[in-house]
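Each residue of the sequence shown is one higher than the one before, starting from 1 at the first, in UniProt numbering. Here a beta-carbon is modelled for each residue, glycine too, at the ideal position from N, C-alpha and C. As the structure is a prediction and not an experimental result, all values here were calculated from the model. Step one of this worksheet: look at the structure below.
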Amino acid sequence: MSSATMEICERGELMDESFSFHHMEYILKQNSGEYFYAKLNRRMPLDAAIDVDTLDPIRIPTEHICPQFAPGLTRAPEPLPKGCYVKRASLLGYGTNVSGDDISRTVLGEARICETLRKNPHPNIAKYHGCIEVDGRIHGLCLDRYVMTLQDRVETGTQFDADICFQRIKDGIRHLHNLGLIHNDINPRNIMIDADDNPVIIDFDSCKCEGEELVKGGTIDWEIENARYATRENDFFSLSKLQEYLFASVSGFGVAAA
């Protein structure tokens, strides 16, 4: 296929079970809107220029990444709200999916979680507007756009009240737990900061009802290793790591009881 009709939209290194390099994976998008994946067995810098014509792309069936729009879900308004963000599933790792439709099932699961949160809003939980529906399938989730991640906020080096920030993150987690939901992937990249310096929890593709078996794990160093089920302890562990992170990063942080 001609490189004029395709562009690389994602790229990454995939590791084996021992965390050694296995292969490079590239996700490509055709002008038609279809997606493809390609593997490269030699290691390349992530910012290296790649001639698409040298890759051997394999088409990703739409049904494997875009689930059918289901009853009970909300369609995002048209036109989309000003300043919104459309979350689309990462397709990296598609070639290693056991069943092929893992991504589709994850997208549908996150849409259902977001629907619950839309009906039960909280100031420290991302505001959800609905699904982007195309030809009866979910192509994205529409949420409010925020200023920066908590990690970016800490790295700016400008002063902020980390104690209040942490308390509000805990409030958001408590709200999830009261709804019977476990986030399972709390870390500084999954907390955004809004224009009022308020923390907002995002990214619910690992979120499960309490007691359910986990399908998608959390983030290395921020999760309980080998956790199999969605339990409150998963979020409490991540919160304790987050507390340590803020205490180490921001002077004057008052340690608050979890």
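- Taking C-beta atoms as the reference points, L73 and C131 count as a pair closer than 8 Å.
- In the three-state scheme derived from DSSP, where H, G and I count as helix and E and B as strand, F69 is classed as coil.
- Rounded to whole angstroms, the separation of the alpha carbons of A248 and R228 is 30 Å.
- Of the residues assessed, S18 falls on the exposed side of the cut-off, its CB having fewer than 16 other CB atoms within 10 angstroms.
- As the crow flies, the alpha-carbon of N226 is around 12 Å from that of E213.
- A76 and T116 have their C-alpha atoms some 15 Å from each other.
- Within the same chain, and ignoring the five residues on either side of P123 in sequence, the residues whose Cβ sits closer than 7 Å to its Cβ are N198.
- For Y146, there is no enclosing beta strand (DSSP E), as DSSP marks it with neither H nor E.
- Taking all protein chains in view, the Cβ of L91 is crowded by 16 or more other Cβ atoms within 10 Å, so the residue is classified as buried.
- In this structure K208 is buried. Its beta-carbon is surrounded by 16 or more other beta-carbon atoms within 10 angstroms.
- Your pair P67 and I138 checks out as a contact, with CB atoms roughly 5 Å apart and the cut at 8 Å.
- Its chain contains A126, L143, Y146, N190, I191, M192 as the residues whose beta carbon lies nearer than 8 Å to that of I202, once the 5 sequence neighbours on both sides are disregarded; these appear in chain order.
- When the Cα atoms are used, N184 and I50 turn out to be separated by approximately 35 Å.
- Residue state for Q30 is assigned as strand, using DSSP reduced to three classes.
- In the structure shown, H129 falls within a strand segment according to DSSP collapsed to helix, strand and coil.
- Annotation: the continuous alpha helix (DSSP H) that includes G109 extends over 102-119.
- In the three-state reduction of the DSSP assignment, G12 falls in the strand class.
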